[in-house]
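Participant: Just add 15 to the spot in the sequence shown (first one is 1) and you have the working numbering. Below you'll find the structure I mean.
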Amino acid sequence: MSAFADVFITAFGAVTGAGDEQAFRSAWLAGESAVRPLVDKLEALPPGYGAPVAFTQKELRQLPGGRGQRPGTQTHHTFLAVGAVGRTLLNAGMSDPAADLEEVADRRGVYLGSYTNFPEMKKHLSLTHAMGDLEAAARGEYVIDDSRILPGMKGFTGFDFLKHMNNMPTAHASIMANARGPANTFLGHSSVGLQAVARAWDALRLGLADEMIAGATGPGVLEGLCLLRKALGMQSAVELDPATAARPLDQGATGLVPGDAGAAFVLETAERASATGRTPLARLAGYSELFVAPEGPRGPLPGAGPILALARQALAEAGWEAGDVDYISPTGAGLPQLDRLEAAALAELVGPGRPFIAPHTGVVGFTEGAHGPLGLVGALQAMQDGQVPAALNVEAPWEALEGHKLGGGSGDIRRALILSLAPEGTLNALAVERV
Numbered sequence: 016m017s018a019f020a021d022v023f024i025t026a027f028g029a030v031t032g033a034g035d036e037q038a039f040r041s042a043w044l045a046g047e048s049a050v051r052p053l054v055d056k057l058e059a060l061p062p063g064y065g066a067p068v069a070f071t072q073k074e075l076r077q078l079p080g081g082r083g084q085r086p087g088t089q090t091h092h093t094f095l096a097v098g099a100v101g102r103t104l105l106n107a108g109m110s111d112p113a114a115d116l117e118e119v120a121d122r123r124g125v126y127l128g129s130y131t132n133f134p135e136m137k138k139h140l141s142l143t144h145a146m147g148d149l150e151a152a153a154r155g156e157y158v159i160d161d162s163r164i165l166p167g168m169k170g171f172t173g174f175d176f177l178k179h180m181n182n183m184p185t186a187h188a189s190i191m192a193n194a195r196g197p198a199n200t201f202l203g204h205s206s207v208g209l210q211a212v213a214r215a216w217d218a219l220r221l222g223l224a225d226e227m228i229a230g231a232t233g234p235g236v237l238e239g240l241c242l243l244r245k246a247l248g249m250q251s252a253v254e255l256d257p258a259t260a261a262r263p264l265d266q267g268a269t270g271l272v273p274g275d276a277g278a279a280f281v282l283e284t285a286e287r288a289s290a291t292g293r294t295p296l297a298r299l300a301g302y303s304e305l306f307v308a309p310e311g312p313r314g315p316l317p318g319a320g321p322i323l324a325l326a327r328q329a330l331a332e333a334g335w336e337a338g339d340v341d342y343i344s345p346t347g348a349g350l351p352q353l354d355r356l357e358a359a360a361l362a363e364l365v366g367p368g369r370p371f372i373a374p375h376t377g378v379v380g381f382t383e384g385a386h387g388p389l390g391l392v393g394a395l396q397a398m399q400d401g402q403v404p405a406a407l408n409v410e411a412p413w414e415a416l417e418g419h420k421l422g423g424g425s426g427d428i429r430r431a432l433i434l435s436l437a438p439e440g441t442l443n444a445l446a447v448e449r450v
């Protein structure tokens with residue numbers, strides 16, 4: 016058990032392909048997938064379907080601190096981040112953060128997880144083309160001529176360079192929340208979202224702030240990322256039924272289905288929660304992280320052992336036994352080689368029948384850095400309403416999970432374990448307990 020003072024989650028919010036956190040919950044409970052055919056500018060992206068975010072500039076302007084936001088100066092990463100933070104501020108009752116006293120703003124920080132910002136593909140490719148030596152290319156050689164950089168950069172503006180800086184999601188979110196305390200963007204693979212929450216927890220326990228807004232942005236339906244996933248052979252097959260393509264922990268899965276999301280939380284010390292009058296929803300109880308080198312650039316991990324060790328380490332920090340857990344939010348990425356190992360680890364961690372194992376991937380696809388935080392959102396919602404939605408599109412779960420409850424029930428959900436496993440080998444687990 017930690018010797019530090021308790022830290023609580025007092026609010027949360029999200030933007031997803033299904034809508035905000037409430038729409039996400041409604042779709043999941045109804046067994047409806049937000050994955051659909053990609054259209055307009057996205058229709059050429061592999062695999063041809065996904066769950067792009069259902070969130071608009073107009074909706075952003077209606078959120079606390081949103082009127083001053085300028086989406087034209089933001090990448091998709093940043094837009095999802097401020098959307099999630101705005102929803103969180105609204106749910107926390109922080110209607111006008113800019114009006115807060117300086118001493119309050121000085122003790123409020125923002126930590127967000129993000130993947131490295133991809134440049135706008137059209138301009139980036141134009142620059143690459145301008146720098147290329149066409150005569151060398153005709154001979155089958157690939158040569159870059161640095162002397163052509165300045166002419167090629169004429170299509171870029173000052174805003175292009177600024178908005179693609181990796182700290183922009185946190186910068187814009189900090190302005191939105193009037194946060195003048197610790198601020199950082201954590202970059203990494205898809206497991207970085209829970210890491211940002213854990214680092215915000217550390218900031219509070221170490222006295223760097225009294226209140227932290229933490230979460231992640233995960234634009235999976237993004238040109239560069241879709242092309243990268245496709246090149247690595249990690250994406251789902253084309254010409255599948257979009258509504259059933261995302262298959263977490265299912266033997267019929269063919270790969271990742273891209274989805275957009277942002278998710279955020281208000282974390283507070285007990286003293287701060289008492290001062291604001293916000294009711295604690297859950298206590299942060301334990302966290303663990305590991306890096307395990309995969310066997311190849313596409314994985315898989317060398318076995319289920321590291322995932323099992325990760326989960327047990329988080330439970331040990333929380334002071335729990337595996338039987339104390341009521342709800343597990345797995346990654347369930349839909350990547351067969353990773354899902355098979357996760358299923359084996361979960362089966363060894365807990366016995367059949369209990370706890371609920373509730374993957375959310377079937378609803379909104381794989382949402383990159385926001386995937387773990389969105390799993391935490393689902394766990395908090397289950398703690399509030401006692402409902403565990405059925406695992407959508409899980410028709411033939413991996414054999415290790417035979418007899419396990421893959422959602423679809425109700426109960427007293429008090430303790431939850433959230434897993435976030437990146438195919439590249441970074442693994443995170445967070446344990447939370449209802450207050």
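Using N, Cα and C, we set each Cβ at its ideal position, and we do this for glycine too.
So, with DSSP's three-state summary, where would you put residue 451?
Facilitator: The first residue shown for the chain is 16 and the last is 450, placing residue 451 beyond what the model contains.
Participant: Could you check how far apart the C-beta atoms of residue 455 and residue 385 are, in whole angstroms? I think they sit under 8 angstroms.
Facilitator: Since the displayed the chain opens at 16 and closes at 450, residue 455 lies outside it and no answer follows.
Participant: Looking at the strands, I want to know which residues DSSP matches up with residue 191.
Facilitator: In DSSP, residue 191 forms no bridge with anything.
Participant: Would you call the region 119 to 128 and the region 203 to 219 touching, i.e. three or more CB-CB distances under 8 angstroms?
Facilitator: With the cut-off at 8 angstroms, the region 119 to 128 and the region 203 to 219 touch.
Participant: Report the start-end ranges of each beta strand (DSSP E) in the region 305 to 370 that is 3 residues or longer and not cut off at the edges.
Facilitator: Counting whole runs of 3 or more residues, the region 305 to 370 contains the beta strand (DSSP E) stretches 342 to 344.
Participant: Thinking C-beta only, is residue 329 closer than 8 angstroms to residue 446?
Facilitator: For residue 446 and residue 329, yes; Cβs fall inside 8 angstroms.
Participant: For residue 265, which residues from the same chain have a beta carbon less than 7 angstroms from its beta carbon, with the 5 sequence-adjacent residues on both sides left out?
Facilitator: Result list for residue 265: 408, 409, 410, 411, 412, in chain order.
Participant: Quick one: give me the first and last residue of the beta strand (DSSP E) that residue 449 is part of.
Facilitator: 441 to 449 is the extent of the beta strand (DSSP E) around residue 449.
Participant: If we count the other Cβ atoms within 10 Å of its Cβ and call it buried at 16 or more, is residue 263 buried or exposed?
Facilitator: By the 10 Å Cβ count, residue 263 comes out buried.
Participant: Hey, residue 285 and residue 107: beta-carbon distance below 8 angstroms or not?
Facilitator: No, the Cβ-Cβ distance between residue 285 and residue 107 is not below 8 angstroms.
Participant: Could you check what DSSP says for residue 133 in three-state terms: helix, strand or coil?
Facilitator: Reduced to three states, the DSSP call for residue 133 is coil.
Participant: Grouping DSSP H, G and I as helix and E and B as strand, with all else coil, what is residue 17?
Facilitator: Because the pLDDT of residue 17 is 47, which lies under 50, any placement of that residue in the model is unreliable, and the question is left without a value.
Participant: Residue 260 and residue 354: beta carbons closer than 8 angstroms?
Facilitator: For residue 260 and residue 354, no; Cβs fall outside 8 angstroms.
Participant: If contact is defined by three or more beta carbon pairs under 8 angstroms, each pair taking one atom from either stretch, is the region 232 to 239 in contact with the region 61 to 76?
Facilitator: Counting Cβ pairs under 8 angstroms, three or more are found: they touch.
Participant: Counting only the same chain and skipping the five closest in sequence on each side, list residues whose C-beta sits under 7 angstroms from that of residue 16.
Facilitator: Note that residue 16 scores a pLDDT of 38, beneath 50, so its modelled location is shaky; the value from the coordinates is reported in the next line. 334, listed in sequence order.
Participant: Looking only at its own chain, which residues have a Cβ that is under 6 angstroms from the Cβ of residue 183, when we skip the five neighbours before and after it?
Facilitator: So the qualifying residues of the chain are 93.
Participant: With C-beta atoms as the reference, is residue 356 less than 8 angstroms away from residue 372?
Facilitator: Not closer than 8 angstroms, so no.
Participant: Give the range of the alpha helix (DSSP H) segment to which residue 377 is assigned.
Facilitator: 376 to 379 is the extent of the alpha helix (DSSP H) around residue 377.
Participant: Note down, one range per segment and in chain order, each alpha helix (DSSP H) of at least 4 residues found wholly within the region 92 to 159.
Facilitator: Here the runs fully enclosed are 117 to 120, 136 to 146, 149 to 153.
Participant: Return yes when the Cβ of residue 219 is within less than 8 angstroms of the Cβ of residue 196, no when it is not.
Facilitator: Not a contact, by the Cβ cut-off of 8 angstroms.
Participant: Given a threshold of 16 other Cβ atoms within 10 Å of its Cβ, counted over all protein chains shown, does residue 433 qualify as buried or as exposed?
Facilitator: Classification of residue 433: buried, given that the 10 Å Cβ count is 16 or more.
Participant: Can you say whether residue 388 is buried or exposed, counting buried as having 16 or more other CB atoms within 10 angstroms of its CB?
Facilitator: Looking at its Cβ environment, which holds 16 or more other Cβ atoms inside 10 Å, residue 388 is buried.
Participant: Along the chain, where does the alpha helix (DSSP H) that runs through residue 180 open and close?
Facilitator: Per DSSP, residue 180 belongs to no alpha helix (DSSP H) and is neither H nor E.
Participant: State buried or exposed for residue 35, treating a residue as buried only when at least 16 other CB atoms are found within 10 Å of its CB.
Facilitator: Looking at its Cβ environment, which holds 16 or more other Cβ atoms inside 10 Å, residue 35 is buried.
Participant: Are three or more beta carbon pairs between the region 70 to 89 and the region 280 to 300 nearer than 8 angstroms?
Facilitator: The region 70 to 89 vs the region 280 to 300: no contact.
Participant: I'd like the list of long-range same chain contacts for residue 192, defined as Cβ closer than 7 angstroms, with 5 residues on each side in sequence excluded.
Facilitator: Contacts found: 80, 100, 104, 112, 123, 125, 228.
Participant: Looking only at its chain, what residues have a beta carbon closer than 6 angstroms to the beta carbon of residue 439, apart from the 5 residues adjacent to it on each side?
Facilitator: Excluding positions up to five away in sequence, the list reads 204.
Participant: With DSSP as the reference, label residue 301 as helix, strand or coil.
Facilitator: Correct three-state label for residue 301: strand.
Participant: Short of 7 angstroms in beta carbon distance, which residues of its chain neighbour residue 102, apart from the five on each side in sequence? Order them along the chain.
Facilitator: For residue 102, where only same-chain residues beyond five positions count, the Cβ hits under 7 angstroms are 28, 29, 30, 35, 36, 78.
Participant: What's the gap between the Cα of residue 325 and the Cα of residue 167?
Facilitator: Looking at the two C-alpha atoms, the distance is approximately 47 angstroms.
Participant: Going by Cα to Cα distance, which pick from 202, 249, 275, 83 is closest to residue 91?
Facilitator: It is 275.
Participant: Report all residues from its chain with a CB closer than 6 angstroms to the CB of residue 283; omit the five preceding and five following residues, and keep chain order.
Facilitator: The answer, listed in chain order, is 23, 25, 226.
Participant: Within 10 angstroms of the Cβ of residue 158, are there 16 or more other Cβ atoms? Answer buried if so, exposed if not.
Facilitator: Residue 158 comes out exposed.
Participant: Who are residue 276's beta bridge partners in DSSP?
Facilitator: Answer is 31, 233, bridged to residue 276.
Participant: Out of 423, 336, 315, 323, point me to the one whose CA is closest to residue 368's CA.
Facilitator: Minimum Cα distance to residue 368 is reached at 423.
Participant: If the criterion is Cβ atoms closer than 8 angstroms, does the pair residue 311 and residue 344 meet it?
Facilitator: Result no, Cβ atoms of residue 311 and residue 344 do not sit closer than 8 angstroms.
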